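> From first to last, the protein sequence lines stand for chains A and B.
Just so you know, we're using UniProt numbering here: the first sequence kicks off at 1 and counts up by one.
Just so you know, we're using UniProt numbering here: the second sequence kicks off at 1 and counts up by one.
Number of protein chains: 2
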Amino acid sequence: MRIGEVASAAGVSTRALRYYEQQQLIVSSRSAGGQRLYAPDTVERVRWIQLLYAAGLSSRTIVEFLPCVHTGIAGPEMIARLRAERDRLDEHMRDLAATRARLDSVLAAAEFDATRSGDEAAEV
Amino acid sequence: MRIGEVASAAGVSTRALRYYEQQQLIVSSRSAGGQRLYAPDTVERVRWIQLLYAAGLSSRTIVEFLPCVHTGIAGPEMIARLRAERDRLDEHMRDLAATRARLDSVLAAAEFDATRSGDEAAEV
DNA sequence: GTAAAAGTTGACGCTGACGTCAAGGGCAAG
DNA sequence: CTTGCCCTTGACGTCAGCGTCAACTTTTAC
């Protein structure tokens, strides 16, 4: 696959893919003319990368994780790192849930106030 | 309260507080000598700000939300924005949960593999 | 009264994940 | 052959939330 195909299949820009390659997150072979060629499973890999970015991991961390993500094999040190990141994720999710709850109660109050002042448009 | 007190009470740097003021997130009066003085509830406000930052909101968004967060009053437009952000948060949390699950299954595989190869240190 | 601690206003630095030109080369179609 | 689209490297730009001097002033403690 060429870079544009991978980009649209994975929903990222070609710039992002070149950046990922520079960060050693993905690899490519080259055509005779020097164009990048990707294995099909690169798309899956890129989706993983996006997930891990969204989870707050850095390129440096992701590049360490990706091998064992694919092979399922990790040394004890890597297992500890994986656990640590999972626990960080858990904590972050708890914080988000708390924030969401507080935001929701603010919303409830605002909606109640809106209905009381007769603003029909704000009602569910 | 002076800036240092608020900073340590809220767990942020003084630099952050000055930045928040510049972004109109908090206000201060001044002493005769020109030093910032804060109302005690500023601490709570700063905690809110931190929560919303952690939830991925920008200063621009937070400055719009904070008034109705405190008063519980919001126009229909603001209520829509609040709902939108809450929904974004929900979606983000779902993504994080999915990522966490996938990470966890990788971990399970790695741990299993580690026990099979007799690496006691990696066992729970 | 004086030294230390805490505060003030600039202003530049930093980090990360790309966006965005610029100036060209590769490649299938007609 | 040339049109047009996709690709290449290189390099500078961006944005946000602060960190970090620097050079002073205010306040506090003794």
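Cβ coordinates follow ideal geometry from the N, Cα and C atoms, glycine included.
Only a predicted model underlies this, so the values are computations on that prediction, with no experimental measurement involved.
My output table needs one value for Leu37 (chain A): the three-state DSSP class, helix, strand or coil.
Reduced to three states, the DSSP call for Leu37 (chain A) is strand.
> Only counting the same chain, and skipping five residues up and downstream in sequence, which positions put a Cβ closer than 8 angstroms to that of Ile26 (chain B)?
These residues qualify, in order along the chain: Leu17, Tyr20, Tyr38, Thr42, Arg45, Val46 and Ile49.
> Any beta-carbon of chain A closer than 8 angstroms to the one on Met1 (chain B)?
Interface residue (Cβ-Cβ distance to chain A less than 8 angstroms): Met1 (chain B) is not classified as such.
> Do the region 75-95 of chain A and the region 95-112 of chain B make contact, defined as three or more Cβ pairs closer than 8 angstroms?
Proximity of the region 75-95 of chain A to the region 95-112 of chain B meets the contact definition, three or more beta-carbon pairs being nearer than 8 angstroms.
> Buried or exposed for Phe112 (chain A), going by 16 or more other Cβ atoms inside 10 Å?
exposed
> Who pairs with Ser29 (chain B) in a beta bridge, going by DSSP?
B:Leu37
> Thr115 (chain A) touches chain B at which residues, Cβ-Cβ below 8 angstroms?
Result: empty, since nearest Cβ-Cβ is about 11 angstroms, beyond 8 angstroms.
> In whole angstroms, what is the alpha-carbon distance linking Gly33 (chain B) and Thr14 (chain B)?
18 angstroms
> Report all residues from its chain with a CB closer than 7 angstroms to the CB of Ala10 (chain B); omit the five preceding and five following residues, and keep chain order.
Val43, Val46 and Arg47
> Taking Met93 (chain B) as part of the alpha helix (DSSP H), name the residues at either end of that continuous run.
Per DSSP, Met93 (chain B) belongs to the alpha helix (DSSP H) from Pro76 to Arg116.
> According to DSSP, simplified to helix, strand and coil, what is Arg47 (chain B)?
helix
> Are Leu52 (chain A) and Thr71 (chain B) close, meaning C-beta to C-beta below 8 angstroms?
No, the pair does not count as a contact, with Cβ atoms beyond the cut-off.
> Nearest by alpha-carbon distance to Glu5 (chain B): which of B:Ser117, B:Gln24 and B:Gln35 is it?
B:Gln35
> Quick check on Thr14 (chain B) - is its C-beta less than 8 angstroms from some C-beta in chain A?
no
> Contact defined as beta carbons within less than 8 angstroms: I believe Ala54 (chain B) pairs with Asp95 (chain A). What is the distance between those atoms, to the nearest angstrom?
6 angstroms
> Less than 8 angstroms between the CB atoms is what I'm expecting for Val63 (chain B) and Gln24 (chain B), so what's the real figure, rounded?
5 angstroms
> Taking the straight line between their C-alpha atoms, what separation do you get for Met93 (chain A) and Glu77 (chain B)?
Rounded to the nearest angstrom, the two C-alpha atoms are 28 angstroms apart.
> Since Ile73 (chain A) is in the alpha helix (DSSP H), which residue starts that stretch and which ends it?
According to the DSSP assignment, Ile73 (chain A) belongs to no alpha helix (DSSP H), since it is labelled neither H nor E.
> At the level of alpha carbons, what is the spacing between Ser59 (chain A) and Ser31 (chain B)?
46 angstroms
> List the residues of chain A that Thr99 (chain B) touches, going by C-beta distances under 8 angstroms, in chain order.
Leu51, Leu52, Ala54, Ala55 and Leu89
> Name the two residues that bound the continuous alpha helix (DSSP H) containing Leu17 (chain B).
Thr14 to Gln22
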